[in-house]
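Following: one structure in structure tokens, then a few remarks.
In the UniProt record's numbering, the protein residues as written are 1 to 183.
Okay, structure coming up:
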């Protein structure tokens, strides 16, 4: 399945053939992406293949769903649902976007499309986004889409040389539905 976000942006499931292009994007923007994604610092092409393999296994088990973000058919980012819990009907979102494409609303629109799909078609009840306190861009994505700040996890992630706090955002299906109904 593919989702058209706008005339330039498309979401589609990650596949094996994405590995090399995804690696090139990560490698080209290593320094800036590593500010909030510590695994990027040492990622190799082999690591990207392993990540895709894990994503495909998660998808097969119904435990996750990872997509690539394409801008004019070129991979520029990643957006996925991790830890889908079918018993409680919730999931957590993770995402990143290459710096040249940040600040254009691409991620907000892409996350909105995936959130809508998760609530309307997957029938999930709750979606969570966690972002480092200092990661204002990721936090703004959640806030623009109506996610509510639920709290702070103190020193929850080791980010290179220090622990960082994460802000936890949550959105319920009813909140999304009432927001969409008003538009």
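From the three backbone atoms N, C-alpha and C, an ideal C-beta is built for every residue, glycine too.
In this structure, 76 is the residue among 54, 76 and 49 with its C-alpha nearest to the C-alpha of residue 10. Across the structure, residue 71 and residue 22 are spaced so that their CA atoms are roughly 13 Å apart.
Here the alpha carbon of residue 150 sits roughly 15 Å from the alpha carbon of residue 156.
Under the 8 Å Cβ criterion, the region 96-116 does not count as touching the region 52-61, having fewer than three qualifying pairs. It is roughly 21 Å from the alpha-carbon of residue 18 to the alpha-carbon of residue 62.
Assignment of residue 152 by DSSP, reduced to helix, strand and coil, places it in the strand class. Excluding its 5 nearest sequence neighbours in each direction, residue 179 has C-beta neighbours in its own chain below 6 Å: 146, listed in chain order.
Annotation for residue 43: no beta strand (DSSP E) segment contains it, and DSSP assigns it neither H nor E.
Within its own chain, the residues whose Cβ lies closer than 7 Å to the Cβ of residue 16, once the five positions on either side in sequence are excluded, are 52, listed in chain order. From the listed residues 46, 177 and 113, the smallest Cα separation to residue 20 is found for 46.
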